[in-house]
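Below: the structure, in structure tokens.
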Amino acid sequence: MAAQDSDFGHPDVFCKDIPKANWRMAATITFKNDDIVPFIEAVNKKDPHSGSIVTSGPTTIKDSNWLLGYSISRQPHFKAQKPNELIVWLYGLFSDTKGNYVEKTMPDCNGIELCEEWLYHMGVPEERIPEMAAAATTIPAHMPYITSYFMPRALGDRPKVVPDHSKNLAFIGNFAETPRDTVFTTEYSVRTAMEAVYTLLDIDRGVPEVFASAFDVRMLMNAMYYLNDQKKLEDLDLPLPEKLAIKGMLKKVKGTYIEELMKKYKLI
Numbered sequence: 001m002a003a004q005d006s007d008f009g010h011p012d013v014f015c016k017d018i019p020k021a022n023w024r025m026a027a028t029i030t031f032k033n034d035d036i037v038p039f040i041e042a043v044n045k046k047d048p049h050s051g052s053i054v055t056s057g058p059t060t061i062k063d064s065n066w067l068l069g070y071s072i073s074r075q076p077h078f079k080a081q082k083p084n085e086l087i088v089w090l091y092g093l094f095s096d097t098k099g100n101y102v103e104k105t106m107p108d109c110n111g112i113e114l115c116e117e118w119l120y121h122m123g124v125p126e127e128r129i130p131e132m133a134a135a136a137t138t139i140p141a142h143m144p145y146i147t148s149y150f151m152p153r154a155l156g157d158r159p160k161v162v163p164d165h166s167k168n169l170a171f172i173g174n175f176a177e178t179p180r181d182t183v184f185t186t187e188y189s190v191r192t193a194m195e196a197v198y199t200l201l202d203i204d205r206g207v208p209e210v211f212a213s214a215f216d217v218r219m220l221m222n223a224m225y226y227l228n229d230q231k232k233l234e235d236l237d238l239p240l241p242e243k244l245a246i247k248g249m250l251k252k253v254k255g256t257y258i259e260e261l262m263k264k265y266k267l268i
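The sequence shown maps to residues 1 to 268 in full-length UniProt numbering.
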């Protein structure tokens, strides 16, 4: 379709020049006994069978050669999951380096080897790793284009949800163009689907707007605080000119609403 009309975008932008050191591997590990539980509790400080979310998002293993991350959601994660089973989602961001325990790159590993590498980083004694990995079921997933959403692009590389002059064709999902939203979310896919249906069927209903956090000074201050390791402005390691600039700015905002916000978000 794209070869016929530029209104359909330029998909080649998203499937060429994929970085070698990309996130291209993931795996689902199913443990069928509780041998792993003490090691998870030692790292995440939660009982994985408690019925609550265990990792609250991915846990990153910083000293992993693969930069492994894992996520353990509320168990049971699947409807058909057995009471004695525990499911872990695993991924690695550096697919071109050898592991710390398994001396292979991730794409060269089978499921057992991926599990072994994770068990090693979870603190399982090395003599127990082969047995525990063999007892689990690990299913690898190769995803060479998982980061294609983030490839450099220009306006027009992604087709509009409803191309100009289209009467019965729309594009949905993260490779369609919709204003201001951020890819790699379910919300993006849902919003494009709503936009497609409402436009083509001429439904008088608004698509929920994207939260304008980039233009909200409160959100920016909050992000600044956490991105700087929860430090106040005066505690930041900055060159002298920047420190003086901050000092001058603080004098100007003294007694204003901006100062109130900066106190609220712990910048001063």
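Every residue, glycine too, gets a C-beta built ideally from N, C-alpha and C.
Own chain residues within Cβ distance below 6 Å of residue i, not counting five before or after
i	result
V253	E259
G123	F39
M262	I268
H10	D157
W23	L93, I146 and T147
Y265	M221, N222 and Y225
K167	none
P163	D7
Residue(s) in a DSSP beta bridge with residue i
i	result
P140	A27
W89	T28 and S71
E177	K160
T60	G69
Proximal residues to residue i (C-beta, below 7 Å), its chain only, five neighbours per side dropped
i	result
L233	I246, L267 and I268
M151	V13 and F14
T30	E85, I87, A136 and T137
G99	N65, W66 and E117
Residue i versus residue j - alpha carbon distance
i	j	result
L250	Y257	12 Å
Q75	F184	24 Å
P198	T186	One detail in the question is off: residue 198 reads as Tyr in this sequence, not Pro. Rounded to the nearest angstrom, the two C-alpha atoms are 18 Å apart.
L86	A42	16 Å
E103	Y188	38 Å
A133	H165	56 Å
P130	T105	18 Å
R218	D202	37 Å
P239	G248	15 Å
D96	K243	41 Å
G51	D35	18 Å
S73	E127	28 Å
A214	K32	45 Å
K182	L155	Before going further, note that residue 182 is Thr rather than Lys in the sequence given. Straight-line Cα distance between these residues: approximately 15 Å.
D7	K16	20 Å
G206	P159	21 Å
D108	I61	20 Å
Residues near residue i in its chain [Cβ-Cβ closer than 8 Å; skip 5 each side]
i	result
T28	I87, V88, W89, L90, T138, I139 and A141
V161	A170, F171, I172, A176, E177, T178, T192, E195, A196 and T199
Self-check item: Stretch pair the stretch 60-71 + the stretch 175-183: three plus CB contacts closer than 8 Å
Solution: Because the criterion of three Cβ pairs below 8 Å is not met, the stretch 60-71 and the stretch 175-183 do not touch.
Practice problem: State whether the stretch 208-220 contacts the stretch 228-242, with contact taken as three or more CB pairs (one from each stretch) at a distance under 8 Å. | Solution: no
Self-check item: At least three beta-carbon pairs within less than 8 Å, the stretch 138-145 to the stretch 52-66
Solution: no
Quiz item: How do the stretch 3-11 and the stretch 82-89 stand: do at least 3 beta-carbon pairs fall below 8 Å, yes or no?
Solution: With the cut-off at 8 Å, the stretch 3-11 and the stretch 82-89 do not touch.
Self-check item: alpha helix (DSSP H) segments (min. 4 residues) lying fully within the stretch 80-137
Solution: 111-121 and 129-135
Practice problem: Counting only runs of 4+ residues fully inside the stretch 196-231, write out the alpha helix (DSSP H) ranges in chain order. | Solution: 217-227
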